[in-house]
Amino acid sequence: MRRVKTILLTVLTAICRPRQIAATVVAFMLIALLRFIAFHFDVFNPVAQATKGFSTTDIFYDMMLASPADTCSTIVIVDITSLHDRDSIASVLDEIDALEPAAIDIDVVFEHPREPIGDTHLWNTAATLSKAVFSFKMIDPDRERNEFTRQVHSFFAADLELNEGFVNVDRSMIRNIPLCLEMKGKPYPSVIARMMEVLQDKPFDYQNHRKRPINYEPTVFRIIPYDSIQHYAKYITGHIVMFGGAHESVDMLYTPLGQMHGIEVLCYAMKTMLEMKKQNNCTGILYWLLTILFSYIGVSCIMAYKEKTLRMRDGIIGDLLRTTLITSLFIFSMMVIYISVGFMLFTKWRFSFDLTPTLSVMAFATTAADIVRIIIKYTFPHIYIMYYNK
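If you want it as structure tokens, here you go:
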């Protein structure tokens with residue numbers, strides 16, 4: 495028993511070294527300071543906005559692009575980018591509806607009456623579509639109350655009591671699909687939540703499922719031109735049809751896979767809901783405890799490398815290993831190992847652990863270690879001699 499205690503004490507002493515703990519703490523402080531400066535000084539605002547909300551899941555999805563993407567077998571896009579008159583739009587919707595799709599997401603808001611003939615045709619078509627979900631927009635957000643104050647609907651929505659869902663998304667980086675938003679205290683479902691109701695033929699509990707991470711595993715969604723509906727009829731019958739502009743330059747959104755058209759983001763969101771692949775996100779206290787632990791391990795390895803090279807005798811090998819370039823390569827290699835493990839957990843078990851703070855701490859490890867060394871040298875010289883002048 496005494497031997498076990500001795501071994502445990504030896505291991506604990508080797509792991510919990512004051513210099514390494516101090517360097518890890520200083521690295522976290524440096525990151526917090528830089529973050530504060532970036533978000534509170536206008537000159538650094540572009541940098542802050544570029545990195546805001548960054549997650550290593552973005553890297554994981556980008557890594558997935560190396561593998562061939564599968565073509566989705568359940569969702570298709572009917573592209574109406576070059577179709578502008580409402581009479582023709584209504585005719586295409588009639589043609590699609592006649593082929594009995596599983597559901598139709600109409601990603602267009604027909605805000606005002608514009609063409610008497612086309613508006614009448616569109617009105618009549620909207621009244622007959624049984625499996626369609628129309629879009630509306632939530633606008634004019636109240637930042638203090640964290641809700642919207644106005645809505646924009648198609649001009650015939652109130653009279654026909656349409657099945658509608660909002661299409662609002664965050665315009666910065668789309669990682670989650672909102673399923674429910676509030677206006678004046680009342681919850682409203684998104685178009686994706688409404689589509690799930692049509693497909694499952696039962697109410698969707700959107701009030702208790704307000705958002706869901708989108709699974710961006712690279713996927714190809716078949717795009718059908720509006721004038722080739724009959725030619726691609728087999729891809730419409732029994733399938734989910736996303737009806738809208740697939741090449742709208744003004745409807746581009748930022749995603750972990752780069753810029754993407756809004757309707758394609760909706761396709762990924764729809765596919766996520768259908769597959770119900772639950773992504774297990776590590777959050778809260780457990781996340782920060784693990785982040786501190788992984789950061790400390792990374793800093794310890796980097797400091798051990800630095801101390802080892804400093805103790806090496808002078809020579810070409812020792813001089814090379816002590817250079818900033820080789821040290822940076824070592825740190826980069828450590829980061830690659832962390833990312834590789836995180837990628838494996840993400841792809842195999844859908845476990846998402848954001849390594850961004852850990853990687854940032856490792857990037858500042860050598861700087862933090864130098865700061866700790868300087869502080870000790872001029873504050874506790876006897877300790878400096880004990881630890882650094884061996």
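All residue numbers for the sequence shown refer to the working numbering, where the first residue is 495 and numbers rise by one.
Beta carbons are placed, not taken as given, at the ideal position from N, Cα and C, and that holds for glycine.
When only Cα atoms are considered, L675 and Y682 end up about 5 Å apart. Distance between G836 and V520, taken at the CA atoms: about 25 Å. The shortest CA-to-CA distance from H615 to any of A763, S794, D579 is the one to D579. Taking a C-beta distance under 8 Å as the contact criterion, L760 and Y710 do not qualify as a contact pair. A residue is called buried when at least 16 other Cβ atoms come within 10 angstroms of its Cβ; H755 meets this threshold and is buried. Per DSSP, the continuous alpha helix (DSSP H) segment holding E758 begins and ends at 756-769. With fewer than 16 other Cβ atoms inside 10 Å of its own Cβ, P610 counts as exposed. About 6 Å separates the beta carbons of H606 and F649, which is inside the 8 Å limit, making them a contact pair. CA-to-CA, the gap between E801 and R513 works out to about 12 Å. In this structure, the alpha-carbon of V663 lies about 40 Å from that of A517.
Between F715 and G732, the alpha-carbon positions lie close to 16 Å from each other. For A798, the enclosing alpha helix (DSSP H) has its first and last residue at 778-805. Rounded to whole angstroms, V661 and W843 show a C-alpha spacing of 30 Å. Beta bridge pairing from DSSP links F628 with I600, E658. The alpha carbon of R688 has as its nearest neighbour, out of P712, M764, D636, I633, the alpha carbon of M764.
In the three-state reduction of the DSSP assignment, L751 falls in the coil class, being assigned neither a helical nor a strand state. Under the 10 Å beta carbon count, F874 is surrounded by fewer than 16 other beta carbons and is classified as exposed. In this structure K631 is in contact with V646, their Cβ atoms being roughly 4 Å apart against a cut-off of 8 Å. With a beta-carbon spacing of about 6 Å, P707 and R669 fall inside the 8 Å limit used to define contacts. The Cβ-Cβ distance between F698 and E658 does not fall below 8 Å.
D591 places its beta carbon less than 8 Å from that of L623. Between the segment 860-867 and the segment 826-836 there are fewer than three C-beta pairs closer than 8 Å, too few to call the two in contact. Pairing I600 with G739 gives a Cβ-Cβ distance that is not under 8 Å. As the crow flies, the alpha-carbon of Q701 is around 18 Å from that of R639. Note on geometry: alpha-carbon atoms of M856 and F530 lie some 19 Å from one another.
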